[in-house]
Each structure stands twice: as structure tokens, then as C-alpha cells.
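**Student:**
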């Protein structure tokens, strides 16, 4: 279970993607979160209190914290370029975690990497 | 998949737990990490650059970041009290993620909660 998972490949057949124009908001901090997203094309900027914490590019995840914890959004997500995203509802997320251990591991890695970079940010 | 998972129950039959005396170090920041741990009894203090970032209590996880990312330990783990821990090797972790989706979801939740509390810490 060590190979990197390319989520763009996993979701390339997405029939009903979310399409965002540059500057369009996907969600705001404080919103209820009932889905996470995989960026298929373009870039989405994540900000917390107006500070850019991440730019999510194709293959990247966003919105998974609210879904995993069933809590409001921590960050605001705004398209930096035109972007296309796959929506992973709670039901779909549950299916993926149950049937694709690689997906679960990938989500853990993404969370862990964010935590590590935040630890570095705090201590630098 | 919404119920909280009690890891103490999942590992209560642990036959070969790690036992730490108060003040004993489990691992140090920078160490290679080939296992994560579940606290079964006692408390383990996690520090990053001498700052206490978390006290892990029974049912809590530690060391999962190094295991998930295959990178060195970020934090130092020292027993605050006498403690008993179950060791989850990489092989066991892979088995758990593949066969117990609740376990995978639990690890995601723990990571997400840490990220959220760190976001709050930074912005407060």
C-alpha cells in the first residue's frame, strides 16, 4: 500500500463535475460541509482568515476535514483559475473508504502532510 | 460509518503491549517511524520543540504521521504516567485499513481534529 494514488485517474470518468470560473467560491469557512472534492483541472486556493494556506492542483483533495469530522468548513475555497472538480458526497466517501483502502490511505497522507507542513510553519 | 470507534476495545486483547514508566521516551522527533501506537492505559505527552502539543490518553493514537507518510517522527513522545500501548506495525496498519474501514475513518478523524486545533491555535 505504498504507491501514490492518482485521484485524477480514479475520477476521470466523472459525469457531473463542478465547474468553477476564476474567482468563484466553492465554499466558505463556517459553511456546513457535506462533501469533499477532488480537483480534476485547474487550481483552487484555500484561505484561512485571508491567509493562503494551500493551492490545490489536479489530483489534490479539498474539503475532507468537514466531511470526516461532520463539522463546519475551516477554510474558504476559491477557484484561482477555471477549475473542474469531482464531488465526493458522504455516501460516496463511505463507499470509497470501504472498498478502496488506497483511497483511505491517500486521504490520511494528505491530512498528515498538511499537519506536518503546519508544524514546520509554526516552528520555523 | 459515523459512530466513534473505541480503539481500547479493538486492542483490548493485545498480548505484547509496550509498557512505559513515567518519563520514559517512546520516540523522539527525527527518529525513523515504522509503527504507530494506541494508548491502552496511562498518558503520553507529545512535544514539538519542547512545546506540549497533545496529551494522548486511552483510546488515543500517536505516531501515525510517520507511518502514513514514511517520514521521520515530527514529535517526541514521553510517558507522562505509567502507560501501556498497543503497537501497530506497518503490516498491521495495512491490514486494519483494508479490513476495518472504521479504523481508517478513525485515523482520518484524529488527523483532521489535530489540523483543526492547529488552525485554531494559529489564528487565535
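Chains as they are written, first to last, in our numbering: chain Y, 1258 to 1381; chain S, 1258 to 1381. Note that CB positions come from ideal geometry on N, CA and C, so glycine has one too. Please read all numbers here as calculations on a predicted model, not as lab measurements.
(1) Which chain Y residues are close to residue 1288(S), counting only those with a beta carbon under 8 Å from its beta carbon?
(2) So, does the region 1292-1306 of chain Y touch the region 1314-1321 of chain Y, judging by three or more C-beta pairs under 8 Å?
(3) Can you pull the chain S residues whose beta carbon is under 9 Å from the beta carbon of residue 1330(Y), in chain order?
(4) Rounded to whole angstroms, what is the Cα-Cα separation between residue 1338(S) and residue 1313(S)?
(5) Just the chain S side, please: which residues come within less than 8 Å of residue 1373(Y) by C-beta, in chain order?
(6) Using DSSP with H/G/I as helix, E/B as strand and the rest coil, what is residue 1332(Y)?
(7) Enumerate in chain order the residues of its own chain whose CB-to-CB distance from residue 1343(S) is below 7 Å, with the five nearest sequence positions on each side excluded.
(8) Starting from residue 1352(S), trace the alpha helix (DSSP H) in both directions and tell me its first and last residue.
(9) Going residue by residue through the region 1284-1333 of chain S, where are the continuous beta strand (DSSP E) segments of at least 3 residues, counting only ones entirely within it?
(10) Comparing the C-beta of residue 1368(Y) with each C-beta of chain C, is any distance below 8 Å?
(11) For chain S, find out if any of its Cβ atoms is closer than 8 Å to the Cβ of residue 1291(Y); answer yes or no.
(12) Are the beta-carbon atoms of residue 1341(S) and residue 1276(S) separated by less than 8 Å?
**Tutor:** Looking at the coordinates:
(1) Per Cβ cutoff of 8 Å: no residues; residue 1288(S) is ~15 Å from chain Y at best.
(2) yes
(3) Within 9 Å Cβ-Cβ: nothing; residue 1330(Y) doesn't reach chain S, min ~11 Å.
(4) Residue 1338(S) and residue 1313(S): Cα-Cα distance of roughly 11 Å.
(5) 1322, 1326, 1328, 1331
(6) coil
(7) 1268, 1271, 1274, 1294, 1295, 1297
(8) 1347-1356
(9) Annotation note: the region 1284-1333 of chain S contains the following uninterrupted beta strand (DSSP E) runs of length 3 or greater, listed N- to C-terminal: 1292-1298, 1301-1305, 1308-1313.
(10) Protein chains Y and S are contained in the structure displayed, whereas chain C is not.
(11) no
(12) yes
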